[in-house]
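Q: Line by line, the protein sequences give chains H and Z. If you read the first sequence in our numbering, its first letter stands for residue 98, the second for the next number, and so on. If you read the second sequence in our numbering, its first letter stands for residue 539, the second for the next number, and so on. A virtual CB, placed ideally from N, CA and C, is assigned to each residue, including glycine.
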Amino acid sequence: ETGVTQTPRHLVMGMTNKKSLKCEQHLGHNAMYWYKQSAKKPLELMFVYNFKEQTENNSVPSRFSPECPNSSHLFLHLHTLQPEDSALYLCASSQALAAGNTEAFFGQGTRLTVV
Amino acid sequence: AQSVTQLGSHVSVSEGALVLLRCNYSSSVPPYLFWYVQYPNQGLQLLLKYTTGATLVKGINGFEAEFKKSETSFHLTKPSAHMSDAAEYFCAVSDGNTDKLIFGTGTRLQVFP
Numbered sequence: 098e099t100g101v102t103q104t105p106r107h108l109v110m111g112m113t114n115k116k117s118l119k120c121e122q123h124l125g126h127n128a129m130y131w132y133k134q135s136a137k138k139p140l141e142l143m144f145v146y147n148f149k150e151q152t153e154n155n156s157v158p159s160r161f162s163p164e165c166p167n168s169s170h171l172f173l174h175l176h177t178l179q180p181e182d183s184a185l186y187l188c189a190s191s192q193a194l195a196a197g198n199t200e201a202f203f204g205q206g207t208r209l210t211v212v
Numbered sequence: 539a540q541s542v543t544q545l546g547s548h549v550s551v552s553e554g555a556l557v558l559l560r561c562n563y564s565s566s567v568p569p570y571l572f573w574y575v576q577y578p579n580q581g582l583q584l585l586l587k588y589t590t591g592a593t594l595v596k597g598i599n600g601f602e603a604e605f606k607k608s609e610t611s612f613h614l615t616k617p618s619a620h621m622s623d624a625a626e627y628f629c630a631v632s633d634g635n636t637d638k639l640i641f642g643t644g645t646r647l648q649v650f651p
C-alpha cells in the first residue's frame, strides 16, 4: 500500500468513448502528477498540480483533460482517444513543489487500452 | 535541461551475483537523484535517493548507490542478487526546486537460478 490509489486498474475503451481515471492520495501531499508509461519509452510527465493549481502541461493533447478538485484527488478525463494512447497511466504525489522533499509516491497505475 | 541515461535496457545475472545497473545524469544545478523499482503490473516504488550529504546511499532490499559528481553517475548496486529482485529499475533526476522527476528509459533486471 503506497498511499496513492488509482482506479480503475484496467480500462478498455473505444475511440468514441468518454471515460475518467481517478487518483486519490492519503498522504497529506499537495502536489500531484500524471505520467504516461508506454513500452520502450521513458516515463512522460503529462500534468502537474500544486495546491490544486495546474503548474505544468507538457504539450498534452486536449483529448486528455485533468481535474484536481482538491489536494487529495486527481482525475484524468479521456475522450476521443487514439490507439497510440494505450499505455499505463501513473499518478504520483509529493509533499509540494519546491518543498525540499522531492520523494514522489506512485499509484499502481491504470492500464488503458484504446480499441 | 536535465536528463538521465541508463546504459543497458536489459541486465541478466545469476542468483547470488553482483547487480550493477548504470545511470548517468546531466544537470546544470546540483541534482537530486533517485532509483525506483517497478514490479510487473505495479507502480513505481522508491529504492533510494540522494539529495545532499553522504555520497553513498543505502536503500531498501539491500540496494545502494553512489553519487559520483566527477563521473556524473549514480550507479545502483547490490552485492548478491535474489530472484525477487527481478523487475524494472528506473533512475531519475530532479533539480530540487520543482520536484519534477525526469526518468531514464529503465533497465529490466533478470535473475537466473
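1. Verify the CB distance criterion: does A201 of chain H have a CB-CB separation below 8 Å to chain Z?
2. Please say whether L175 of chain H and S117 of chain H have beta carbons closer to each other than 8 Å?
3. Return helix, strand or coil for K616 of chain Z, following the three-state DSSP convention.
4. According to DSSP, simplified to helix, strand and coil, what is E553 of chain Z?
5. Does the count of Cβ pairs from the stretch 555-564 of chain Z and the stretch 612-619 of chain Z closer than 8 Å reach three?
6. Is there contact here, the stretch 122-131 of chain H with the stretch 180-195 of chain H, by at least three beta-carbon pairs under 8 Å?
7. In this structure, does DSSP put P166 of chain H in helix, strand or coil?
8. Check whether the Cβ atoms of F144 of chain H and P163 of chain H sit closer than 8 Å, and answer yes or no.
9. Kindly indicate which residue of Z:S565, Z:F650 and Z:Y563 has the alpha-carbon position closest to the one of A624 of chain Z.
A: Walking through what the data contain:
1. Proximity of A201 of chain H to chain Z, defined by a Cβ-Cβ separation below 8 Å, is satisfied.
2. With respect to L175 of chain H, S117 of chain H sits close: the two C-beta atoms are nearer than 8 Å.
3. In the structure shown, K616 of chain Z sits in a strand (DSSP, three-state: E or B).
4. Correct three-state label for E553 of chain Z: coil.
5. Yes, they touch.
6. Because the criterion of three Cβ pairs below 8 Å is met, the stretch 122-131 of chain H and the stretch 180-195 of chain H touch.
7. Residue state, collapsed to three classes: strand.
8. Closer than 8 Å, so yes.
9. Comparing Cα positions, the closest option is Z:F650.
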